[in-house]
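Student:
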Ligand code: SF4
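Numbering (the working numbering), first residue to last: 225 to 518.
(1) Leaving out the 5 sequence neighbours to the left and right, which residues in its chain are closer than 7 Å to residue 384 when beta-carbon positions are compared?
(2) Is there at least one non-hydrogen atom of the ligand SF4 closer than 7 Å to the beta-carbon of residue 269?
(3) Residues in its own chain within less than 7 Å of residue 302 by CB, not counting five upstream and five downstream?
(4) Where do the ends of the beta strand (DSSP E) carrying residue 339 lie?
(5) Looking at C-alpha atoms only, which residue of 381, 225, 433 is the closest neighbour of residue 417?
(6) For residue 439 and residue 336, I'd like the C-alpha separation in whole angstroms.
(7) Could you check if residue 418 belongs to the surroundings of the ligand SF4, using beta carbon to heavy atom distance under 7 Å?
(8) In terms of DSSP beta bridges, what is residue 389 paired with?
(9) Count the other CB atoms within 10 Å of the CB of residue 232; is the residue buried (16 or more) or exposed (fewer)?
(10) Give the DSSP-derived three-state secondary structure of residue 418 in the structure shown.
(11) For residue 323 and residue 240, what's the separation of their Cα atoms in angstroms?
(12) When we look at the beta-carbon of residue 496 and count the other beta-carbons within 10 Å, is it buried (16 or more) or exposed?
(13) Quick one: is the Cβ of residue 448 within less than 7 Å of any heavy atom of the ligand SF4?
(14) For residue 429, which three-state DSSP category applies?
(15) I need the straight-line Cα distance from residue 356 to residue 364, nearest angstrom please.
(16) If we count Cβ pairs, one from each stretch, closer than 8 Å, do we get three or more for the segment 466-473 versus the segment 252-262?
(17) Sorry if obvious, but does the Cβ on residue 486 come closer than 7 Å to a heavy atom of the ligand SF4?
(18) Just verifying my parser: in three-state terms, what is the DSSP assignment at residue 354?
(19) Just reading off the alpha helix (DSSP H) that residue 401 is part of, what are its end residues?
(20) CB residue 486 to CB residue 287, shorter than 8 Å?
(21) Report the residue ranges of all beta strand (DSSP E) runs contained in full by the segment 415-502; include only those spanning at least 3 residues, in chain order.
(22) Is residue 373 close to the ligand NAP? I mean its beta-carbon at under 7 Å from any heavy atom of the ligand.
(23) If you drop the 5 nearest sequence neighbours on each side, which residues of the same chain put their C-beta closer than 8 Å to that of residue 247?
(24) Closest to residue 408 by CA distance: which of 327, 325, 493 is it?
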């Protein structure tokens with residue numbers, strides 16, 4: 225995974241070492257600081273901090289129960305600070321121009337800029353860095369240019385594979401952590417995937433459960449068992465078997481996963497599932513009714 229990023233980071237480390245920024249005497253000072261690039265095997269859950277630590281230690285990427293927090297007992301049992309790349313990448317500009325300069329970008333409590341990855345059925349996909357505060361509609365329609373297929377946008381998933389699906393009715397939502405949370409969504413890593421009106425949101429909801437089942441580390445029951453049961457129950461809904469009762473069961477299951485999972489993989493899977501059910505109920509009608517409606 226990420227071959228370009230790995231190659232670029234390795235080159236950057238060589239440049240920094242040559243410049244004396246890394247090593248036992250940083251820029252001739254008595255302070256030591258060093259960096260090493262370690263490449264994981266691609267498990268989604270290894271983005272979770274304790275799973276990441278296990279992976280770095282050469283173990284299976286399974287989430288650790290907390291406490292102890294990594295800050296107390298982390299990598300190889302030592303106190304460890306873990307930061308997202310976005311946090312580290314924001315440091316140079318803040319050090320260079322000052323906190324007030326950086327804070328001047330954004331809105332509410334979401335300050336600074338955010339690199340947004342626009343993908344899916346979109347005309348202008350790619351990585352766009354912008355200040356927080358643009359509406360979702362501005363990002364999708366103006367930066368992304370709408371769908372690549374030319375058909376109307378039906379849904380936009382924000383926050384990666386475990387983000388909520390937003391319909392056009394919510395395109396006035398500003399790109400801001402709190403504003404997204406108010407609408408039962410999340411910004412996550414700011415990945416945006418665009419879908420046109422041919423998307424089947426029941427299939428997307430099932431895909432979320434399937435993704436969770438495949439990527440689950442297996443440590444806790446709501447995620448390990450819940451995701452597989454979620455697929456089965458959604459299959460029943462699709463087949464028109466007691467659709468109402470089974471949709472209620474999916475909702476109940478999502479509540480258990482959201483509040484009972486040990487980490488965000490199981491805890492966030494309900495976002496794409498429940499947002500699909502809430503905003504696109506017509507896609508969850510039993511198959512015969514959907515065919516008749518079409
Ligand atoms: S929620 Fe899933 S990935 Fe996270 S600890 Fe539980 S089983 Fe593992």
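Think of the CB as a built atom: it goes at the ideal place given N, C-alpha and C, for glycine as much as any other residue.
Tutor: Well, looking at it:
(1) As a working mapping, residue 384 is identified with position 160 in the chain shown. Correct list, in chain order: 412, 413, 415.
(2) Counted from its first residue, the chain shown places residue 269 at position 45. Flag set: Cβ of residue 269 near the ligand SF4.
(3) In the chain shown, counting from the first residue as 1, residue 302 sits at position 78. Taken in chain order, the list of residues that qualify is empty.
(4) Taking the first residue of the chain shown as position 1, residue 339 is located at position 115. Here the beta strand (DSSP E) through residue 339 covers 337-344.
(5) Looking up residue 417 in the chain shown gives position 193. The shortest C-alpha separation from residue 417 is found at 381.
(6) As a working note, residue 439 is residue 215 in the chain shown. As a working note, residue 336 is residue 112 in the chain shown. Approximately 32 Å, taken between the alpha carbons.
(7) The residue given as residue 418 occupies position 194 in the chain shown. No.
(8) The residue labelled residue 389 in the question sits at position 165 within the chain shown. Beta-bridge pairing links residue 389 to 381.
(9) On the chain shown, residue 232 is found 8 positions in, with the first residue counted as 1. Looking at its Cβ environment, which holds fewer than 16 other Cβ atoms inside 10 Å, residue 232 is exposed.
(10) Working through the chain shown from its first residue, we reach residue 418 at position 194. Correct three-state label for residue 418: strand.
(11) Mapped onto the chain shown, residue 323 falls at position 99. Mapped onto the chain shown, residue 240 falls at position 16. Distance between the alpha carbons of residue 323 and residue 240 is about 24 Å.
(12) The residue labelled residue 496 in the question sits at position 272 within the chain shown. When all chains shown are included, residue 496 counts as buried.
(13) For the purposes of this step, residue 448 is identified with residue 224 of the chain shown, where counting begins at 1. Yes, since a heavy atom of the ligand SF4 falls inside the 7 Å radius drawn around the Cβ of residue 448.
(14) By one-based count along the chain shown, residue 429 stands at place 205. Of the three classes helix, strand and coil, the one that applies to residue 429 here is helix, per DSSP.
(15) As a position in the chain shown, residue 356 is number 132, starting the count at 1. As a position in the chain shown, residue 364 is number 140, starting the count at 1. If you take the alpha carbons of residue 356 and residue 364, they lie about 14 Å apart.
(16) no
(17) Within the chain shown, residue 486 is the residue found at index 262, counting from 1. Yes, Cβ of residue 486 sits closer than 7 Å to a heavy atom of the ligand SF4.
(18) What you label residue 354 is simply residue 130 of the chain shown in a count that begins at 1. In this structure, residue 354 counts as strand in the three-state DSSP scheme.
(19) Position 177 of the chain shown, counted from the first residue, corresponds to residue 401. Counting along the chain, the alpha helix (DSSP H) containing residue 401 begins and ends at 401-406.
(20) Translated into the one-based positions of the chain shown, residue 486 becomes position 262. Translated into the one-based positions of the chain shown, residue 287 becomes position 63. It is a contact, given that the beta carbons lie within the stated cut-off.
(21) 415-420
(22) The ligand NAP is absent from the structure shown, which contains only the ligand SF4.
(23) Working through the chain shown from its first residue, we reach residue 247 at position 23. Same-chain partners within the cutoff: 241, 256, 257, 258.
(24) Taking the first residue of the chain shown as position 1, residue 408 is located at position 184. For the residues 327, 325, 493, the minimum Cα distance to residue 408 belongs to 493.
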